[in-house]
Structures are given as C-alpha cells and as structure tokens.
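For the sequence shown, my numbering gives the first residue as 3, with consecutive numbering after it. Notes follow once the structure below has been shown.
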Amino acid sequence: MSQQANIDSMTNILGQTFGLYVQTHGYHWNVEGPQFRQFHALFEEQYQNLWEALDEIAERIRCLGAYAPGTLSELTTLAGDAPARAQSAEAMVDALISAHGALAAKLRDAITTAQEAGDEVSAGVLTDRLEWHEKEIWMMKASRA
C-alpha cells in the first residue's frame, strides 16, 4: 500500500469519527426517558472522547505530511450520510451501537492499510481507537440486557 492510500484512509476515519461525534452530541442534548441521567452521561463521555480523537487523528495526518480536512464542508462530506433521527433513548443506543460497529469495521481496514504502508504509528493510533469503540459497543449492549 502507498503512503497516499494510508493518508486517505486516515482522512476517512477522521470524517467518520466527526460524523459519530455530531450524532452522539445530538443524542446527548435530546435524550429523554426514565434512563435520562444514565444515557445523558454516557453520551457525554462518548462525544468528549470522540472530540479528542478528532485532534489525534488530524495531527497524525499532518505528521504524514498531508493536510487534514479543516472545513465543516469537508468533514461533513467525509462523515457520510446523516443517520435518521432517533426518537427514544433505546433507539439512540441502538443507532450508536450500529454506528460504532460500522466505524470499528472501517478502523480494521485502516489498520491493515497503515500496516501495509509500513506506518506502525498510525496502526497503533487506529488500534487504540478500535479498542475504545469495541468497549463502548459492549457497554451499550450490556445496558440493554
């Protein structure tokens, strides 16, 4: 794999992370119901982690010699289609489980791309992100049990 493929992969992960950040922050603002406090706090923890990840991923792109997307338009395009608005706390959790799972799958591909480009640092950053997303999926699934 080329270094450009690695940069493109990292850029796509940045956009997908941005999309999940926006989705999660919106859920934090709008969650209601008997589990309000629990989910309000959970979503806040998640969007704060995602916000910090955006900086880490963008700075890694810069370390690779490329410019990170820096406009709302670029990030929105990279984020992909906006998810349908969830109306209940349970629907929000289900949507986030799905979104984290989709991003985890993209992270696995990006890790392979980084490794094939000989970029172990990016592979490490992405592996750390994958670990976090998998843990969040587990925690959200456990909250529904």
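For glycine and all other residues, C-beta sits at the position ideal for the given N, C-alpha and C.
Asked, Found
"Residue from E118, W140, H27 whose Cα sits closest to the Cα of Q5", "E118"
"Cut-off 7 Å between Cβ atoms - residues of its own chain near W134, not counting five sequence neighbours on either side", "N51"
"Own chain residues within Cβ distance below 7 Å of G148, not counting five before or after", "In the structure as shown, the chain starts at 3 and stops at 147, and residue 148 therefore has no counterpart that could be examined."
"Rounded straight-line distance, which links the Cα of V127 to that of A55", "9 Å"
"Environment of E138 [buried if 16+ CB atoms lie within 10 Å]", "buried"
"Exposure label - L105; buried when at least 16 CB within 10 Å", "buried"
"N- and C-terminal bounds of the alpha helix (DSSP H) containing T19", "5-32"
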